[in-house]
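Undergrad: For the sequence shown, the UniProt record's numbering assigns the number 1 to the initial residue and increments by one for each residue that follows. Every residue, glycine too, gets a C-beta built ideally from N, C-alpha and C. From a predicted model like this one, the values you see are computed outputs, not experimental measurements.
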Amino acid sequence: MTEYDYESLGLVAGLEIHQQLDTATKLFCQCPTELREPEESTRSFTRYLHPTRSELGELDDAAVEESKVEREFEYLAYDTTCLVEEDDEPPHELDEEALETTLEVAQLMDMSPVDQAHVMRKIVVDGSNTTGFQRSSLIATDGEIETSDGTVGIEDMLLEEESAQRVAETDEGVRYSLDRLGIPLVEIGTSPDISSPEQALEAAERIGMLLRSTGKVKRGLGTIRQDVNVSIAEGARVEIKGVQSLDDIDDIVRNEVGRQAELVEIRDELAAREASVGDVQDVTAVFEGTESGVIGGALSSGGSVMAVPLYGFDGIVGREIAPDRRLGTELSDHAKRHGAGGIFHTDELPAYGVTDEEVAALRDAVGASSEDAVAIVAADTEIAESAIEAAAERAETAFEGVPEETRGANDDGTTRYLRPLPGAARMYPETDVPPVEPDPSEVPEPELLTEKVDRYQDEYDLGEGLAEQVAYGEYMPLFEDVVADGIDPTLAASTLESTLTELRRDDVPVETLTRDHLEGVLGMVEDGDLPNEGVPDLLTVLAEEPEQTAEEAAEDAGLGGADEEEVREAIAEVVERNESQVEEEGMQAFSGLMGECMGALRGKADGDLVSELLREEIQKRT
1 MTEYDYESLG LVAGLEIHQQ LDTATKLFCQ CPTELREPEE STRSFTRYLH PTRSELGELD
61 DAAVEESKVE REFEYLAYDT TCLVEEDDEP PHELDEEALE TTLEVAQLMD MSPVDQAHVM
121 RKIVVDGSNT TGFQRSSLIA TDGEIETSDG TVGIEDMLLE EESAQRVAET DEGVRYSLDR
181 LGIPLVEIGT SPDISSPEQA LEAAERIGML LRSTGKVKRG LGTIRQDVNV SIAEGARVEI
241 KGVQSLDDID DIVRNEVGRQ AELVEIRDEL AAREASVGDV QDVTAVFEGT ESGVIGGALS
301 SGGSVMAVPL YGFDGIVGRE IAPDRRLGTE LSDHAKRHGA GGIFHTDELP AYGVTDEEVA
361 ALRDAVGASS EDAVAIVAAD TEIAESAIEA AAERAETAFE GVPEETRGAN DDGTTRYLRP
421 LPGAARMYPE TDVPPVEPDP SEVPEPELLT EKVDRYQDEY DLGEGLAEQV AYGEYMPLFE
481 DVVADGIDPT LAASTLESTL TELRRDDVPV ETLTRDHLEG VLGMVEDGDL PNEGVPDLLT
541 VLAEEPEQTA EEAAEDAGLG GADEEEVREA IAEVVERNES QVEEEGMQAF SGLMGECMGA
601 LRGKADGDLV SELLREEIQK RT
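#1: So, does the region 322-334 touch the region 377-396, judging by three or more C-beta pairs under 8 Å?
#2: Would you kindly work out how many angstroms separate the C-alpha atoms of L518 and E93, rounded to a whole number?
#3: Under 8 Å between the Cβ atoms of A384 and V305?
#4: For my contact list, M157 and I139 are in at a C-beta cut-off of 8 Å; report their separation, rounded to the angstrom.
#5: So which of P435, L21 and R71 has the shortest CA-CA distance to D115?
#6: How many angstroms separate the CA atom of A553 from the CA atom of G339?
#7: Could you tell me the boundaries of the beta strand (DSSP E) in which L500 lies?
#8: Taking just the CA atoms, how far does Q19 sit from L221?
#9: Within its chain, find whatever has a CB closer than 7 Å to the CB of Q457; leave out the 5 residues flanking it on each side and keep chain order.
#10: Using 8 Å as the threshold, is the C-beta distance between P91 and R135 below it?
#11: Report the three-state DSSP secondary structure of A63 (helix, strand or coil).
#12: For S370, which option in G312, H345 and R416 has the closest C-alpha, if you only look at C-alpha atoms?
#13: Under DSSP, the beta strand (DSSP E) around R180 begins and ends at which residues?
#14: Buried or exposed for Y475, please, with buried defined as at least 16 other CB atoms from any protein chain shown within 10 angstroms of its CB.
#15: With distances taken between CB atoms, is the gap from G303 to T381 smaller than 8 Å?
#16: Please check the pair I618 and V567, which I expect to be a contact at CB under 8 Å, by giving their CB distance rounded to whole angstroms.
#17: Classify F313 as helix, strand or coil using the three-state DSSP reduction.
#18: In terms of residues, what are the limits of the alpha helix (DSSP H) holding I252?
#19: How long is the line joining the alpha carbons of G473 and E497, rounded to whole angstroms?
#20: Pick from S441, L9, G293 and A409: whose alpha carbon is nearest that of A379?
#21: Select from T450, E85 and L613 the residue whose C-alpha is nearest the C-alpha of E573.
#22: DSSP on Q134, reduced to helix/strand/coil?
#23: Between the beta-carbon of L310 and the beta-carbon of A360, is there less than 8 Å?
#24: Roughly how many angstroms lie between the CA atoms of A63 and S163, to the nearest whole one?
#25: Between the alpha carbons of D485 and E502, how many angstroms are there, rounded?
#26: CA-CA distance, G353 and A98?
#27: Could you check the C-alpha separation between L201 and L478 for me, to the nearest Å?
#28: Which of helix, strand or coil does DSSP assign to Y352?
#29: Looking only at its chain, what residues have a beta carbon closer than 8 Å to the beta carbon of T25, apart from the 5 residues adjacent to it on each side?
#30: Along the chain, where does the alpha helix (DSSP H) containing S386 start, and where does it finish?
#31: Alpha carbon to alpha carbon, how far is P509 from V257? Give it in angstroms, no decimals.
#32: My understanding is that I17 touches A322, with C-beta atoms under 8 Å, so please give their C-beta distance in whole angstroms.
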């Protein structure tokens, strides 16, 4: 991977961290914050969304472009969602638990809460909100975090409602699920103080640690998302949305720096060539009888082939600007936004069934020489026209270098075009929700995870590794609660971290285990109703039959604690089966028989008791 001199390039970056809060109810209604499976939906309905004007009568560019693609949005509703999510009932007041958690996070980042928090509407017409907007409220400003490369300012923190979850593409548009819509979400925005990919990663990790320190944020895939704003001195601000994994942030920044640097070089080369973009033309006649499957398929359906000559672009459209992405990919991304499958261009042709003769005829048809490039779109005529126009507009911006835009993060660390950058016109007041006055005085400052690790070692005598696993793990809040209720800390820590990890590796569906299950199992051990050795077996039964309680599962599976007489009988049977070995080896037979005894008892007895009674039984027979 290419390394850059980020200082000389003038790299400036900032982060926006979006984290779901683990509250009992949603931000503007009393529905639970639990996710459901689409097949559990009880009904569905459809909507069409269109952009609205701000208070000043302005339309947001990003919303306008999004609305150019006419789509039907289908929404799945559940018995755990209500009319608020469906936009058929006004929102309720801001959730107090969510506000309190947000203020805890603000304390950890040395932020100043606002005197009065007003809820705003942020226009979103991609279907992810039934209302056509997202509700958002500024809660705190002016904080900071420390990194090894210096202080990174925290400009603001907002409390927002999570969007609906996209579950499928349909013939008419997109299907969304309402289970996620309305879950409280904090958005934390840093100042543009980040000057290297490594610092971006460190800052994101620091913010993530502070969020988890509250013990009140959701965990797991999709519960935290990172957006990254990146620019270089000769480039432009680009907002990269939807970075799912913290580990990808440095690669995202590194690749975006490279992309912008390449686009700046392309700008300069196009200027030197005195390049230009020609007029869109219909070149359908060139491809009559073509062997190309893509083009032939479009024409057989009554479609057209539209082309745009790119004078002076030869060799540039196919130039790589990021790993496996070229300038042509950027043009294609814009065409796709208008319904096309993509574009072909002469830097990659002949290929895809397009012949040398067709390429030559294409150049002649649009007046392009060998120094020029030509891009084409084959699709339904209306789609082909709008898609090639979009590709041509993107080619025009190549003369400027780097366009300001919003891009989506790909799994390989690259990005793709999504839409123009949003502007101030997308925000306007929410009149259905009264303002609140945040009061941080009654909100205790959470203990940092780093401090928890030290406390767990000192107070609970946990080893450093186990203490760190518990503090940073998803079960930290449960660990704190059960220990406060009298459960042995070592038992709780080893069960929640080691035992569950081992069961997961054995393909036990531990994700079905609830807080009640885990509390019940630990409580049975503490009360003497289940030996330590029975914990894995009981958790396995509960994971496979989650409708049961711990006590029910233990009784059905025969996993309750055995009394001493039952243990003696089981051990005597094992020793009798191995009588010749015991007579020959004496106490040396202990290790082998111990495992057989534990297996015979199936977790019903404590290992120390089994060991003691087995030794007695062997001694009696030698």
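TA: So, from the listed chains and residues:
#1: yes
#2: 34 Å
#3: yes
#4: 5 Å
#5: P435
#6: 54 Å
#7: Taken as a continuous stretch (DSSP letters only), L500 belongs to no beta strand (DSSP E), being part of the alpha helix (DSSP H) at L500 to R505.
#8: 11 Å
#9: E464 and A467
#10: yes
#11: Bear in mind that the predicted position of A63 carries a pLDDT of just 48, short of 50, making it unreliable; the figure below should be weighed with that in mind. Three-state result, A63: helix.
#12: G312
#13: No beta strand (DSSP E) holds R180; DSSP gives it neither H nor E.
#14: buried
#15: yes
#16: I618 to V567, Cβ: 15 Å. No contact.
#17: coil
#18: I249 to R273
#19: 8 Å
#20: G293
#21: L613
#22: strand
#23: no
#24: Low per-residue confidence applies at A63: pLDDT is 48, beneath 50, and the placement is therefore not dependable, though the value from the model is reported in the following sentence. Going by the C-alpha atoms only, they are around 16 Å apart.
#25: 26 Å
#26: 57 Å
#27: 28 Å
#28: coil
#29: C31, P32, T33, D95 and E97
#30: T381 to T397
#31: 42 Å
#32: Between A322 and I17 the Cβ distance is about 24 Å, and since that is not below 8 Å, they are no contact.
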